[in-house]
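Asks:
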Amino acid sequence: MISLYIGSTGGYSGKSLVSLGFGTRFARDGFRFSYMKPIGKPTAQVGESLTDEDAIFIARALSLSEPLETICPIVVTQDMVVQAYRNKAEGLEQKLLEAHRKLSEDRDIVLIGGGSDLYEGAFLGLSGLYIVKELLDTKVVLIDRFTNEVCVDCILGVKESLGDRLLGVILNRVAPERIEYVQRRIMPFLSSKGIDTFGIIPYDQLLNAVTVKELSAALNAEVLCCNERLDELVENYTVGAMSVDKALKYFRQKKNKAVITGGDRPEIQLAALETSTKCIVLSGNMYPSEIILAQAEEHHVPILVAKDDTLATVEQVERIFGRIRVRDKRKVSRAIELIDQHIDFPALYRKTGLA
Amino acid sequence: MLEKFFSPQSVAIVGASREQGKVGHEIVKNLLLGGFSGRIYPINPKATCILGKKVYARIADLPDGQVDLAIIVIPAQYVQGALVECAQKGIRSIIIISAGFKESGKEGAQREREVLQTAQELGIRILGPNCLGLINTSTSLNASFSSEMPVRGNIAFFSQSGALGTAILDWAVGQKIGFSKFISMGNKADLAESDTMEALCQDPDSKVILGYLEGIERGQEFMHKAGEVSKVKPIVITKSGSTSAGTRAASSHTGSLTGADVAFEAAFKQSGVIRARTIEELFNYALAFAYQPLPQGPNLAIITNAGGPGILAADAAEKNNINLFFLSKETTDKLTAVLPHAAGVYNPVDILGDARADRYQKTLEVVLEDPRVNGILVILTPQAMTEIPQTAEIIGEVSMTTEKPILASFMGEYAVREGIERLAKYKIPNYSYPEHAIESFHTMWEYRRWQEQPPLTHVSFEADKARVRQIINQVRNSGHLEIGDLKAREILAAYQFEVPVSRVAEDSDMAVALADAIGYPVVMKIVSPDILHKSDVGGVRVGLNSPDEVHTAFLGIMSKVQKFMPQAIIQGVSIQKMYEGNREVILGMARDPQFGPLIMFGLGGIYVEVLKDVSFRIAPISSEDAQAMITEIKSYPMLKGVRGQKSVDINAIVDALLRLSQLAVDFPEILEADVNPLIMKESGQGAVAVDARFTISPN
């Protein structure tokens, strides 16, 4: 049995994506595996207890049967934070070890989902580094949302801390134009430092999309039409505040977008409908004219009316796009497909001794 | 085409009413009062007789195949059913007056789609819905709810706005201006301006076609039809919504995106449509075309009994490129002989304030005899000795003897009223101010030139379409919609634009090596998918002449970019041969929602950005269009060379515009294109497209 810790160099770098993809592939390749998230955030309520939304989601997506309190043994509630600062958070290590023991029984692999970085949880005495090196004695696959040298610094830093426990890295969300350069320059460099690259995952529009429904919920907006299109995926957004011919020019540069504009700009709304648009967000609680609604209906584009002014609406939409989680079915299958396509599993199995 | 609309033998009114004031009643009344001589079939399940006409309970009760035209005025939700019943009776021409369609919101829009689909399945043509109806004065058909029936004349008018139509009909009745046809287009669900223009072209009673539009259906078809029709008779259109505020108003009124006003301007220009900026202008031009023959040249002679208005007219003429030419020696001699000593015998001919009708007559006769005179404007101000009605009669009679157009400007209101009425009797258009007369003459002359313009030259270039298709697919597959840098230049190269050799360097050593191979001077630009405006972040250096400069520039660019855009992904720096043209131009294309690819041309730098000195045409453009686009811009003399500078290669610009036009037509998925700059070399040496950008559609 081996424990494989999925670590990352920063938040929102794709740990859920990798856990889902790995789990699916392990099952297909005939390995018995379990999943655990040692330290969770109280982001979901199941029955009486608070637990980690990501952990539940991954457990369900991978059809795992273990109880949630085993999969995510420690949930950092406000009470626990206070206790920790009073140095009274006790028995956590034990809880974690116990869960890990249960999850290890009759398994080839225990997949462990780490925190945002390897220091997360240190205030509880349970940093990723400690869990990996001391507590659970795991191997590590590091995932990095690769952009530039800063990322290489982080990867090398982790290597320094973990040594041979670090099996290799996965570079995520790499722009297609950049892949060739990463293969030619970054991979050989990392290799020369003893770090294998298990895969480069290209930036994916779908995974970075939100549904119209999510957008609408986040904005607390009223949906005026095309309720049947709320599951459509919005890949990005733009603001329509210019003249109509300029608007067309800008709107054409983005596909599957949300257009945020004022309720009193019918010409901008029509320009949005003319281009690849998944929904129109009207700010300032202003309703469109009937004739525009009719056009939106004809183009099957939902119109959302947001209560806030344009600036506040844009800020909220911006926030949503910065923190995208894999939830939607389409995203799950794309995530699995991407991992399957771009990760060198034979190499991973060799390195872990599973092959 | 549309005969059954204009000249039906019989008309059914679905939804006729006994109640005065209801539209269904007014239409029957207007048909009767208008003097329609065919059969009228009012339909109403509850009435037996309306205005003395026998009423039919249902459409099904109508005689088979006996009704040419149906006018529907029942509530919107019943219209579709009525169409089916009409079709069963063989009625294929239907005016839908009823509102409650696209203009009323989403249910109405759905209803309109259904009605249109039914009509298409049944082979029915529809005028409207949500319209006023139509009027044909030559068959005394008033199939509208406008009670005003204008007098018979040769002006045809179609209008997208019904309300504006009623106002204009009322005005026309007051002014005794004759109409041949009036058509209220309504929502244009089926019959649109293209169909109307085509029908009016064949109508012998219409001499000039006027239109009021808020938007255009099927832009390319409109251009094609208008281009044909305008060779036969003039089309004058007022298109509203030419400003941002106007566009906004039009958007919420019609629910359609009208696109840029420059696109309309270009489309009208290319199809010979005369654009009237205001309704007043529309009728100023209409009267000139309806009443007078076209001038054979631009030479206008002005005859006036007052100096001031003569000068105003002269100013207006020059502004409109109308030639106030010098009358021949023979003419001025004759004028000297017949006019008082103080009179001005040159153009404008000032026959002085004491001129009576006979002096106008003598002068008119002498001036008309001058073979170089192509048209005359007679100005009259009411003065003590002026014989207003008599002068009007004289002008009218003289006009009967000549093929040259005569326009009048009887200035004032009260004193000249009778004179103006007499002028109208002789079909002499009168303008209250001479400027309007001059503008109308100018429009007539422009139209005359359009009619005589030889067929345009369309050229086709060899192009590697497969390569362009491949690039577009690659970019789409990578999830992008914009194409810049190397790939954009490759697209241009596939259409035989000359583009500079360019290679990407990853570090400064490689940059120097590439520059050595390409040859100095070079241009260096950052290559990054994240940076579109390279010069804004210090990502461009030009005129680098040595390895040292290239080395320093490389490091400089990298440091600037890292400072301004630390998150950007950098692929390297491109090294490009620097072309030393002393003038740069910009070509562009943006797909207009109504007309399609709109090609733009301008002189580079501030001329485009600040002065907006640009010209537009809709693709496909002809060689003549391309040529005109170049000469049209104000900065054209700079391309030809000023202060001893040599001309740039104008033919190379023409070629480039034609190639871009061809590219836009070949690839509808290219939505926007910018070739900026195209660096010009001297005559015969071509031009180099240094940078370009395209936006493509997602599928």
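Heads up: the sequence lines are chains F and V, in that order.
Per my numbering, residue 1 is the first one in the first sequence, and the count goes up by one each step.
Per my numbering, residue 356 is the first one in the second sequence, and the count goes up by one each step.
For every residue, glycine included, the Cβ atom is placed at its ideal position computed from N, Cα and C.
Comparing the C-beta of V/Gly834 with each C-beta of chain F, is any distance below 8 Å?
Replies: Yes - at least one Cβ of chain F is within 8 Å of the one on V/Gly834.
Asks: I'd like to confirm the pairing. Which residues does DSSP put opposite F/Leu97 in its beta bridges?
Replies: The partner list for F/Leu97 (beta bridge, DSSP) is empty, contrary to what the question assumes.
Asks: Kindly list the residues whose CB is nearer than 6 Å to the CB of V/His791, restricted to its own chain and excluding five residues on each side of it in sequence; keep chain order.
Replies: Hits under 6 Å: Asn639.
Asks: Determine the chain F residues that contact V/Gln926 at a beta-carbon separation under 8 Å, and present them in chain order.
Replies: Neighbours of V/Gln926 on chain F, chain order: Glu177, Arg178 and Tyr181.
Asks: Can you check whether the C-beta of V/Gln515 is within less than 8 Å of a C-beta belonging to chain F?
Replies: No, because no Cβ of chain F sits closer than 8 Å to the Cβ of V/Gln515.
Asks: Since V/Ile592 and V/Arg630 should fall inside the 8 Å C-beta cutoff, what is the C-beta to C-beta distance between them, to a whole number of angstroms?
Replies: That belief holds up - the Cβ atoms of V/Ile592 and V/Arg630 are roughly 6 Å apart, short of 8 Å.
Asks: So which of F/Glu298, F/Thr77 and F/Ser19 has the shortest CA-CA distance to V/Lys457?
Replies: Minimum Cα distance to V/Lys457 is reached at F/Glu298.
Asks: Select from V/Asn937, V/Glu752 and V/Gly627 the residue whose C-alpha is nearest the C-alpha of V/Glu715.
Replies: Residue identity differs from the one stated: residue 715 of chain V is Tyr in this sequence, not Glu. Residue V/Glu752 is the option with its Cα nearest to V/Tyr715.
Asks: How long is the line joining the alpha carbons of V/Val940 and F/Asp340, rounded to whole angstroms?
Replies: Roughly 50 Å between the two C-alpha positions.
Asks: Tell me the residue span of the alpha helix (DSSP H) that contains V/Ile827.
Replies: Start and end: Lys820 to Asn832.
Asks: V/Met755: buried (16+ other C-beta within 10 angstroms of its C-beta) or exposed?
Replies: Exposed: under 16 other Cβ atoms inside 10 Å.
Asks: By a C-beta neighbour count over all protein chains shown, 10 Å radius and 16 as the cutoff for buried, is V/Lys836 buried or exposed?
Replies: The question names Lys, but residue 836 of chain V is Leu in the sequence shown. Buried, by the Cβ-count rule.
Asks: Hey, how far is the Cα of V/Val867 from the Cα of V/Ile988?
Replies: Roughly 41 Å between the two C-alpha positions.
Asks: Exposed or buried, which one is F/His100 when buried takes at least 16 other CB atoms within 10 Å?
Replies: Buried, because 16 or more other Cβ atoms sit within 10 Å of the Cβ of F/His100.
Asks: Output the distance between the C-alpha atoms of F/Thr261 and V/Ala1019, rounded to the nearest integer angstrom.
Replies: C-alpha separation (whole angstroms): 30 Å.
Asks: Alpha carbons only, please: which of F/Lys329, F/Lys159 and F/Phe57 is nearest the one belonging to F/Val169?
Replies: Comparing Cα positions, the closest option is F/Lys159.
Asks: Helix, strand or coil: which one does DSSP assign to V/Gly436?
Replies: Three-state DSSP puts V/Gly436 in a helix.
Asks: Counting only Cβ pairs nearer than 7 Å, list the residues of chain V close to F/Gln205.
Replies: Residues of chain V passing the Cβ test: Gly834.
Asks: Please list, in chain order, the residues of the stretch 1024–1036 of chain V that have any C-beta partner in chain F closer than 8 Å.
Replies: Per Cβ criterion, the list reads Leu1026 and Glu1027.
Asks: Please name the residue in F/Pro38, F/Ser63, F/Thr9 and F/Leu96 whose C-alpha comes closest to that of F/Ala27.
Replies: The option with the nearest alpha carbon to F/Ala27 is F/Ser63.
Asks: Which residues does DSSP pair with V/Phe537 in a beta bridge?
Replies: Answer by DSSP bridge pairing, in chain order: V/Ile490 and V/Phe512.
Asks: Which whole-angstrom value describes the C-beta separation of V/Tyr934 and V/Val856, a residue pair presumed to lie in contact below a C-beta threshold of 8 Å?
Replies: So it is not a contact: roughly 11 Å between Cβ atoms.
Asks: Would DSSP call V/Pro952 helix, strand or coil?
Replies: Here V/Pro952 sits in strand by DSSP.
Asks: Give the secondary structure of V/Thr659 by DSSP, where H, G and I count as helix, E and B as strand, and everything else as coil.
Replies: DSSP places V/Thr659 in strand when its eight states are reduced to three.
Asks: Looking at the strands, I want to know which residues DSSP matches up with V/Met944.
Replies: DSSP output for V/Met944 lists V/Ile954 and V/Ala1028 as bridge partner(s).
Asks: Any Cβ of chain V within less than 8 Å of the Cβ of F/Ser49?
Replies: F/Ser49 does not count as touching chain V.
Asks: Check the Cβ-Cβ distances between V/Pro1053 and every residue of chain F, and say whether any is below 8 Å.
Replies: V/Pro1053 counts as touching chain F.
Asks: Give the DSSP bridge partners of V/Ser448, in chain order.
Replies: Answer is V/Leu424 and V/Arg480.
Asks: Thinking C-beta only, is F/Cys72 closer than 8 Å to F/Lys95?
Replies: Going by C-beta atoms, F/Lys95 is not nearer than 8 Å to F/Cys72.
Asks: What residues in the stretch 881–901 of chain V have a beta carbon less than 7 Å from any beta carbon of chain F?
Replies: Answer set for the stretch 881–901 of chain V: Pro884.
Asks: What's the call for F/Thr211, buried or exposed, on a 16-neighbour Cβ count within 10 Å?
Replies: Buried is the call here.
Asks: By the 8 Å beta-carbon criterion, what residues does the stretch 532–549 of chain V contribute toward chain F?
Replies: Per Cβ criterion, the list is empty.
Asks: For F/Ser283 versus F/Asp245, is the C-beta spacing smaller than 8 Å?
Replies: It is not a contact, given that the beta carbons lie outside the stated cut-off.
Asks: Please report the distance separating the alpha-carbon of V/Asp709 from that of V/Gly767.
Replies: Each residue's Cα considered, the two are about 17 Å apart.
Asks: Note down, in chain order, every chain C residue with its Cβ under 9 Å from the Cβ of V/Gly957.
Replies: Reference to chain C is not applicable here, since the protein chains of this structure are F and V.
Asks: Listing by chain order, which chain V residues have their CB less than 9 Å from the CB of F/Leu282?
Replies: By Cβ distance, chain V contributes nothing, its closest Cβ being about 13 Å from F/Leu282, past 9 Å.
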